[in-house]
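Quick note: the sequence shown uses this note's numbering, first residue 461, plus one each step. Glycine included, C-beta positions come from ideal geometry on N, C-alpha and C. Bear in mind the structure is a predicted one, so any value in this text is a computation, not a measurement. For reference, the structure is listed below as structure tokens.
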Amino acid sequence: MHIAYFSPTGGTRKAAEIIGKEIDPDDTMIDITPYPQNESRYALAPDDTLLVAVPVYGGRVPPTAIERLKCITGRQTPAIPVVVYGNRDYDDALLELKTELESNGFQVIAGVACIAEHSIMRIYAHGRPDLEDEAALKQFALRIKTKLEKAKAGELFPEISVKGNPIYKVFHGAFLKPRTGEKCNSCGTCALQCPVHAIPEENPRITLTDKCISCMRCIAVCPQKAREIPPADLEQSTQVFKERCSARKEPELFI
Ligand SMILES: Cc1cc2nc3c(=O)[nH]c(=O)nc-3n(C[C@H](O)[C@H](O)[C@H](O)COP(=O)(O)O)c2cc1C
Ligand code: SF4
Ligand code: SF4
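Encoded structure:
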């Protein structure tokens, strides 16, 4: 099986690995997070399987992930979309990812929505996926594996339906953009790791805010802990989302 993931701060990758390893311990990982260095293309055969995991941004799939997924095509290849969200909601993201995979030649046999630490407001879903999530996701994986085996043996299944409104929510982008502080020693790590080249290599102290997708990867990878969202802005957002993000949500399987 192939596992493709867009995971700026690692939560999505964690969830994908828990599910993927349980279905097939010998899977191949395809990381579509970094800025593409070459034109790698993956044409999967009908007897391959693809699991795709993306984070939820504003109830949608990040446009950068949609764009990068176009390099992976199938021929009625079974696929499992996984959306990972920060304990608010995933709204239309699973439906969007399923629809995208179908238009790229895949046949969606199951879908998963699960929770990981909120990459901006990290007090929400802090430390998730946790042991409870892991147990649930492994159960899901076993059910997916059984269906996959039956599908590969020729059994036919009706199309699955997942949560989501076909008139997708509009996401205008997050307004929170990281800034660089005094501790920066211009090592360049953040510039190399930014998925959309929003930090110039020659001057990593600045952020090109029109390019930045607010993914928080630069904050996560900075060895000096020199990048941050201005604390007052972060606190304000955290308060605004308190009611919607506090009560624990649980992983869901559509099969
Ligand atoms: C720009 C942005 C928008 C987000 N929007 C949502 C959202 O609509 N609902 C939600 O529950 N979490 C939201 N989150 C949280 C992420 O979906 C969640 O933390 C995810 O696990 C991040 O994946 P990563 O760790 O692989 O980067 C958002 C995060 C970012 C950076
Ligand atoms: S990773 Fe941190 S220390 Fe290195 S250039 Fe970026 S902000 Fe500066
Ligand atoms: S500059 Fe913006 S897009 Fe680039 S890693 Fe930082 S938050 Fe993500």
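heavy atom of ligand 3 below 7 angstroms from residue i C-beta
i      : result
Met581 : no
Ser467 : no
Cys678 : yes
Ala525 : no
Ile673 : yes
Thr667 : yes
Pro655 : yes
Ile492 : no
Sequence-distant residues of the same chain with beta carbon closer than 6 angstroms to residue i, five excluded per side
i      : result
Thr533 : Ala503, Asn564, Gly565
Pro626 : none
Glu712 : Ala573
Arg473 : Tyr465, Ser467
Gln653 : Arg677, Val681
Gly518 : Phe631
Presumed contact (8 angstroms Cβ cut-off) between residue i and residue j, rounded CB distance
i      : j      : result
Glu577 : Gly471 : 5 angstroms
Ile492 : Arg528 : 4 angstroms
Cys675 : Ile659 : No, Cys675 and Ile659 are not in contact; Cβ-Cβ is about 12 angstroms, not under 8 angstroms.
Pro523 : Val544 : Wrong, their Cβ atoms sit about 17 angstroms apart, outside the cutoff.
Gly546 : Leu511 : Between Leu511 and Gly546 the Cβ distance is about 20 angstroms, and since that is not below 8 angstroms, they are no contact.
Thr509 : Thr537 : 7 angstroms
Near ligand 5: residue i beta-carbon under 7 angstroms from a heavy atom
i      : result
Thr640 : Among the ligands modelled here, namely ligand 1, ligand 2 and ligand 3, ligand 5 does not occur.
Chain-order list of residues whose beta-carbon lies under 7 angstroms from that of residue i (same chain, five-residue window excluded)
i      : result
Ile413 : Residue 413 falls outside the range modelled here, since the chain spans only 461 to 715, and no answer is possible.
Ala570 : Ile540, Ile604, Lys607, Ile620, Leu713, Phe714, Ile715
Asn645 : Gln684
Ala651 : Ile659, Pro660, Glu661, Pro664
Asp593 : Cys574, Ile575, Pro711
Closer than 7 angstroms: residue i CB and nearest ligand 2 heavy atom
i      : result
Cys682 : yes
Ala686 : yes
Pro711 : no
Gly648 : yes
Any non-hydrogen atom of ligand 1 closer than 7 angstroms to residue i Cβ
i      : result
Ser706 : no
Pro515 : yes
Gly587 : no
Asn498 : no
Glu477 : no
Short CB-CB distance (under 8 angstroms) between residue i and chain C
i      : result
Glu712 : This model lacks chain C altogether; it includes just one protein chain.
Close beta carbons around residue i, own chain, < 8 angstroms, minus the five adjacent residues each side
i      : result
Arg639 : Thr667, Arg687, Glu688, Ile689, Pro690
Phe701 : Arg548, Met581, Tyr584
*Can you list the alpha helix (DSSP H) stretches of 4 or more residues lying completely in the region 475-548, in chain order?*
523-529
_Going residue by residue through the region 653-711, where are the continuous alpha helix (DSSP H) segments of at least 4 residues, counting only ones entirely within it?_
677-681, 691-700, 702-705
*Is there contact between the region 590-608 and the region 548-558, where contact requires at least three CB pairs shorter than 8 angstroms?*
no
_Three Cβ pairs or more, each shorter than 8 angstroms: is that satisfied between the region 610-624 and the region 583-595?_
no
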